[in-house]
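Numbering (the working numbering), first residue to last: 1419 to 1781.
The following block contains the structure:
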């Protein structure tokens, strides 16, 4: 049984929007693995939504998929109906909703919306049309959800988007803080809870991979320092989902994890030109894997900026895993962890503890 942890504030907001009889449009976004779909599943479990999850495809797979989903929702069968456009699907949904009357709330969730819009440039314009002409005065709650932060901020919320001004709320889902993260491993000591938070960065999916019945050491060895572990290839998997040239980004992150924090240092260590490195760093900032720290006394001198790993899992992985790959691949991950990782966990946790303190002060 999956236990839903955290997100009480977000869930309360979602239920408040649903309780309204006015049209509501929520834009929900955040990095991959952060828990967006889990939140939507928890919210919608008793609300009978039209729920479609977009897939990464260049053909009409999403058009067909949403059409089948909508038709099956209203008829109980996905056979015998094909829609030629999103406009036709939205018009069909509008007609069916009107048949039922305006008393019943209709929840529509389009998850991974960026995938849908990428394969159909007209989708956002078609949504704008149906919202402006029909849905804006109907008992409908629409949720657009996506993992591409740049797309959601620019192509959905941005001033140039056809959907600009239509949303009634937005949620930028962030990682859990230490207090919520600790609830995933309630039997751990406070120190071990902090380490668990420090190596996952408070990302919901990552926290859920820790078995609270096993010790911290066992979880770290099995998940990070075993070639079959969930986290062993996770950075590369994440980069592959976000970027085409993963080798460039992997090299940059490896350089930062090894202590090269300025553009010139990263460029020298990776062999890539400064301009290319800067462009890649901007993209890594956009997906919230790295962040740029500017010295307070030298805010105008960008050359003194330092790039650090913002994401806790990436920070831990690039600090410890690359040096142990040979041992891990040969089946000596446990020995590598015990000799080269565990003795330095307290040192690694220094920056993490600063974050915990900052979050506590901000309460």
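Built from N, CA and C at the ideal position, the CB exists for glycine as well.
Taking residue i as part of the alpha helix (DSSP H), name the residues at either end of that continuous run.
i: residue 1548; result: 1541-1551
i: residue 1710; result: Segment 1708-1711 is the beta strand (DSSP E) holding residue 1710; no alpha helix (DSSP H) there.
i: residue 1468; result: From DSSP, residue 1468 is part of no alpha helix (DSSP H) but of the beta strand (DSSP E) over 1468-1471.
i: residue 1577; result: Here residue 1577 belongs to no alpha helix (DSSP H), and DSSP marks it neither H nor E.
i: residue 1758; result: Note, residue 1758: premise wrong, no alpha helix (DSSP H); not H, not E.
i: residue 1518; result: 1504-1518
i: residue 1599; result: 1596-1599
i: residue 1537; result: Counting along the chain, residue 1537 falls outside any alpha helix (DSSP H), and DSSP gives it neither H nor E.
i: residue 1482; result: 1479-1493
i: residue 1731; result: 1730-1747
i: residue 1610; result: 1608-1618
i: residue 1621; result: Where residue 1621 is concerned, there is no enclosing alpha helix (DSSP H), given that its DSSP letter is neither H nor E.
i: residue 1754; result: 1751-1754
i: residue 1581; result: Here residue 1581 belongs to no alpha helix (DSSP H), and DSSP marks it neither H nor E.
i: residue 1461; result: 1454-1462
i: residue 1497; result: It is not in any alpha helix (DSSP H) - residue 1497 carries neither H nor E in the DSSP assignment.
i: residue 1696; result: 1692-1704
i: residue 1659; result: 1652-1660
i: residue 1635; result: 1634-1642
How would you write the range of the beta strand (DSSP E) that residue i sits in, first residue to last?
i: residue 1522; result: Segment: none, residue 1522 is in no beta strand (DSSP E) and carries neither H nor E.
i: residue 1727; result: 1724-1727
i: residue 1773; result: Careful: residue 1773 lies outside any beta strand (DSSP E), inside the alpha helix (DSSP H) at 1763-1779.
i: residue 1446; result: 1442-1447
i: residue 1588; result: 1587-1590
i: residue 1564; result: 1558-1564
Quick check: the Cα distance between residue i and residue j, rounded to an integer number of angstroms?
i: residue 1696; j: residue 1775; result: 31 Å
i: residue 1584; j: residue 1555; result: 12 Å
i: residue 1453; j: residue 1572; result: 22 Å
i: residue 1685; j: residue 1672; result: 12 Å
i: residue 1636; j: residue 1594; result: 23 Å
i: residue 1638; j: residue 1519; result: 54 Å
i: residue 1772; j: residue 1753; result: 30 Å
i: residue 1478; j: residue 1491; result: 20 Å
i: residue 1510; j: residue 1456; result: 28 Å
i: residue 1682; j: residue 1676; result: 14 Å
i: residue 1783; j: residue 1762; result: Past the boundaries of the shown model lies residue 1783; the chain is included only from 1419 to 1781, so the question cannot be answered.
i: residue 1466; j: residue 1755; result: 47 Å
i: residue 1625; j: residue 1544; result: 38 Å
i: residue 1460; j: residue 1528; result: 15 Å
i: residue 1722; j: residue 1653; result: 27 Å
i: residue 1758; j: residue 1598; result: 29 Å
i: residue 1522; j: residue 1434; result: 16 Å
i: residue 1687; j: residue 1741; result: 16 Å
i: residue 1568; j: residue 1703; result: 10 Å
i: residue 1693; j: residue 1729; result: 23 Å
i: residue 1566; j: residue 1701; result: 11 Å
i: residue 1462; j: residue 1592; result: 20 Å
i: residue 1577; j: residue 1640; result: 46 Å
i: residue 1634; j: residue 1430; result: 33 Å
i: residue 1649; j: residue 1425; result: 24 Å
i: residue 1436; j: residue 1422; result: 20 Å
i: residue 1663; j: residue 1743; result: 22 Å
i: residue 1539; j: residue 1488; result: 20 Å
i: residue 1501; j: residue 1542; result: 17 Å
i: residue 1669; j: residue 1738; result: 15 Å
i: residue 1751; j: residue 1428; result: 39 Å
When DSSP builds the beta bridges, which residues end up paired with residue i?
i: residue 1437; result: BP columns for residue 1437 are empty, so no partner.
i: residue 1680; result: Answer is none; residue 1680 lacks a bridge partner.
i: residue 1674; result: Bridge partners of residue 1674: none, in fact.
i: residue 1528; result: 1470 and 1562
Taking Cβ to Cβ, would you say residue i is nearer than 7 Å to residue j?
i: residue 1473; j: residue 1533; result: yes
i: residue 1563; j: residue 1657; result: no
i: residue 1546; j: residue 1575; result: no
i: residue 1699; j: residue 1725; result: yes
i: residue 1674; j: residue 1727; result: yes
i: residue 1558; j: residue 1524; result: yes
i: residue 1616; j: residue 1767; result: yes
i: residue 1484; j: residue 1469; result: no
i: residue 1475; j: residue 1537; result: yes
i: residue 1837; j: residue 1643; result: With the chain running from 1419 to 1781 in the structure shown, residue 1837 is simply not present.
i: residue 1660; j: residue 1705; result: yes
i: residue 1552; j: residue 1513; result: no
i: residue 1526; j: residue 1560; result: yes
i: residue 1844; j: residue 1679; result: Coverage of the chain is limited to positions 1419 through 1781, which leaves residue 1844 absent and any answer about it impossible.
i: residue 1496; j: residue 1486; result: yes
For the ligand MG, is there a heavy atom less than 6 Å away from the beta-carbon of residue i?
i: residue 1533; result: Judged by which ligands are present, the structure shown has none, so any question about the ligand MG falls away.
| the stretch 1492-1505 touching the stretch 1448-1464, judged by at least three CB pairs closer than 8 Å | No: the two stretches stay apart, fewer than three of their Cβ pairs being nearer than 8 Å.
| query | Does the count of Cβ pairs from the stretch 1433-1447 and the stretch 1597-1605 closer than 8 Å reach three? | reply | The stretch 1433-1447 vs the stretch 1597-1605: no contact.
| field | Stretch pair the stretch 1608-1622 + the stretch 1730-1738: three plus CB contacts closer than 8 Å | value | The answer is yes - the stretch 1730-1738 touches the stretch 1608-1622, with three or more Cβ pairs under 8 Å.
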